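Down below is the structure, laid out as structure tokens.
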Amino acid sequence: MTTGKSIANPAAAELSGRLRGRVLQPGEEDFALEREGFNLITEHDPDLIAVVADAADVREAVAFAAARRMPISVQATGHGPSTAADGGLLISTRRLRGVSIDPVTRTARVQGGTQWYEVIQAAAEYGLAPLSGSSPLTGVIGYTLGGGLGLMARAYGYAADKVTAIDIVTADGRAHRATADHERDLFWAVRGGKGNFGVVTALEFELVPVSRLYGGGLFFAGEATADVLHAWRHWTASLPEDMTSSLALLRLPDIERVPDFLRGRLTVHVRIAYLGSAKDGEKLLAPLRAAGPLIVDTLAEIPYTRSGEIHNDPTEPIPYNERSMMLRVLDEAAVDRLLELAGPGADCIDLTVELRQLGGAVGRAPRLPNAVDHRDAAFVLSTVSLPDDRPPLVVDGMAPWGTGRRYLNFLASPDTASLAESGYEPATYARLARIKAHVDPHNLFRFNHNIAPAPLTA
Ligand SMILES: Cc1cc2nc3c(=O)[nH]c(=O)nc-3n(C[C@H](O)[C@H](O)[C@H](O)COP(=O)(O)OP(=O)(O)OC[C@H]3O[C@@H](n4cnc5c(N)ncnc54)[C@H](O)[C@@H]3O)c2cc1C
82 MTTGKSIANP AAAELSGRLR GRVLQPGEED FALEREGFNL ITEHDPDLIA
132 VVADAADVRE AVAFAAARRM PISVQATGHG PSTAADGGLL ISTRRLRGVS
182 IDPVTRTARV QGGTQWYEVI QAAAEYGLAP LSGSSPLTGV IGYTLGGGLG
232 LMARAYGYAA DKVTAIDIVT ADGRAHRATA DHERDLFWAV RGGKGNFGVV
282 TALEFELVPV SRLYGGGLFF AGEATADVLH AWRHWTASLP EDMTSSLALL
332 RLPDIERVPD FLRGRLTVHV RIAYLGSAKD GEKLLAPLRA AGPLIVDTLA
382 EIPYTRSGEI HNDPTEPIPY NERSMMLRVL DEAAVDRLLE LAGPGADCID
432 LTVELRQLGG AVGRAPRLPN AVDHRDAAFV LSTVSLPDDR PPLVVDGMAP
482 WGTGRRYLNF LASPDTASLA ESGYEPATYA RLARIKAHVD PHNLFRFNHN
532 IAPAPLTA
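Residue numbers for the sequence shown follow this note's numbering, beginning at 82 and rising by one.
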């Protein structure tokens, strides 16, 4: 095996000499492993990979790239690629891990490559929880910078709404600490503006006093799709904010790693995260449980440490396209249209067609304003499909009920980088583009949902 310290390329050798971590070049044994992430649809093709060991390595790596005007891509877990890195320097944050919890201020400080399960476990020791999402394996930073729509979203808002401090290395190689009082533009932009403004080396955010949930899933046979979808729509119209739920139409392949009851058929999966008691939860859930013949019911009192079981997202890498659209309303006509597009008998190729209910705290402006929009949306629709050349029929077909905006965290396929603008209101995007022009005028951080720097005016 060649190590980063013995590489021949002079530029790589220089960078290697500046880092505690490793530098990898194409052809080296670990290069292919390091560039691979969870979503295999994207194959990054950088000139070099810097496997950073600490924040100082991030500064060195960015300064190295900046001096050469090399584009920079960032990867933690690879759950959210929006485009393939084409040349340049890939900064792999996988080994930049660590969580510390302050139980008095109820905050967490996490390093740039940390995954949610690490925070969930550390916070649980104090009866606290983060605003993590459906999969405990996604990276804290990528998830939060895109908004972060979690299992308790209606009760507590987007994860980005809880961020209190950001340590970030910008495109000039300088380290900043952005808070509500310091580097305020950067603080606003990074919370929602994704990876456009630099490499986050640490994030600090508030935790919530949650140690358990009434949660899990209800699975209905595909034949009941119309009844369950209509029942869920009715049911979501009058829910307390401590109930966050989603519904997915699953068409999973007939392969071994898929549970028997889901294989090769259409199934409806309602996912529940309720902060109230199990007794109240059962009462609330009664109309839904009666919506059709249940094939599996996993609802139970669970510790937050088991919250990944609510959606049961895949844990092994796969190639897929993910698309999304915010819906302003889900009325009867919208459900009927969705049934035509994705119900039984539809020519639907999506592995999952998911609706998550919004409203509650995600519908309100946060205490510390940020670049996460969509406060007016009532639901988010997203689809996941295996690689294919077909247009996103379900998402496009629901456009009449859409706000015209997309949720960038649910946009992952090689063609989605250019869709960044559709993730924001025009005024938000314009402000992001102005801030981008100041902190990354040459758009070094471009292999992401890219915000193009606004032209600088005199
Ligand atoms: C199974 C699954 C479940 C999901 N569930 C949810 C959910 O419930 N709610 C939700 O909101 N999203 C969810 N997502 C989407 C996920 O939050 C985004 O894809 C997110 O970008 C993943 O971040 P990552 O670091 O894990 O992935 P990566 O692919 O490693 O990173 C994605 C992007 O994030 C940016 N980034 C990552 N780390 C840094 C850093 N340290 N500094 C600067 N930029 C950085 C970069 O631009 C990078 O291109 C899910 C995705 C999957 C695949």
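Glycine included, every Cβ here is placed at the ideal spot set by N, Cα and C.
No experiment lies behind these values; they were computed from the predicted model shown.
Ranked by Cα distance from residue 529, the first of 324, 165 and 508 is 165. Secondary structure note for residue 310: its alpha helix (DSSP H) is the uninterrupted segment 306-317. If you look at residue 280, you'll find it in the beta strand (DSSP E) that goes 280-287.
Note on residue 263: under 16 other CB atoms within 10 angstroms of its CB, so exposed under the neighbour-count rule. Secondary structure at residue 112: helix, using DSSP grouped into helix, strand and coil. Around the Cβ of residue 336, a 10 Å sphere holds fewer than 16 other Cβ atoms; the residue is exposed. By the criterion of a C-beta distance shorter than 7 Å, residue 333 is surrounded in its chain by 339, 343, 344 and 432, once the five residues flanking it on both sides are discounted.
Residue 289 places its beta carbon less than 9 Å from that of residue 211.
In terms of CA proximity to residue 445, 454 leads the group 454, 438 and 437. In terms of Cα proximity to residue 323, the closest of 291, 313, 504 and 329 is 291. Looking only at 106, 428 and 275, the smallest Cα-Cα distance to residue 527 is reached by 275. Contact check for residue 238 and residue 443: beta-carbon distance about 5 Å, within the 8 Å limit, so the pair qualifies. Judged by DSSP secondary structure, residue 94 falls within the alpha helix (DSSP H) whose first and last residues are 91-99. Taking a contact as a CB-CB distance under 8 Å, the pair residue 403 and residue 463 counts as one, their CB atoms being some 6 Å apart. Taking 8 Å as the cut-off, the C-beta of residue 158 counts as close to a heavy atom of ligand 1. Residue 120 carries a strand assignment under DSSP once its states are collapsed to helix, strand and coil. Note on the stretch 206-260: whole alpha helix (DSSP H) runs with a minimum of 4 residues are 221-226 and 234-237, in chain order. Between residue 177 and residue 154, the C-beta spacing is not below 9 Å. In this structure, residue 298 sits away from residue 221, with a CB-CB distance that is not shorter than 9 Å. Residue 371 is a Cβ neighbour of residue 312, given a cutoff of 9 Å. In this structure, the alpha-carbon of residue 231 lies about 18 Å from that of residue 245. Excluding the 5 residues flanking it on each side, residue 93 has same chain C-beta neighbours closer than 6 Å at 104, 106 and 129, in chain order. The Cβ-Cβ distance between residue 138 and residue 179 does not fall below 9 Å. Checking the 8 Å criterion, the Cβ of residue 224 is within range of a heavy atom belonging to ligand 1. At a cut-off of 8 Å, the beta-carbon of residue 402 does not count as near ligand 1: no heavy atom of the ligand is closer than that.
Residue 229 sits away from residue 505, with the two beta carbons spaced by 9 Å or more. Taking 4 residues as the shortest admissible run, the stretch 454-508 contains the following complete alpha helix (DSSP H) segments, listed from N- to C-terminal end: 474-478. Closest in C-alpha terms to residue 204, from the list 160, 181 and 193, comes 181.
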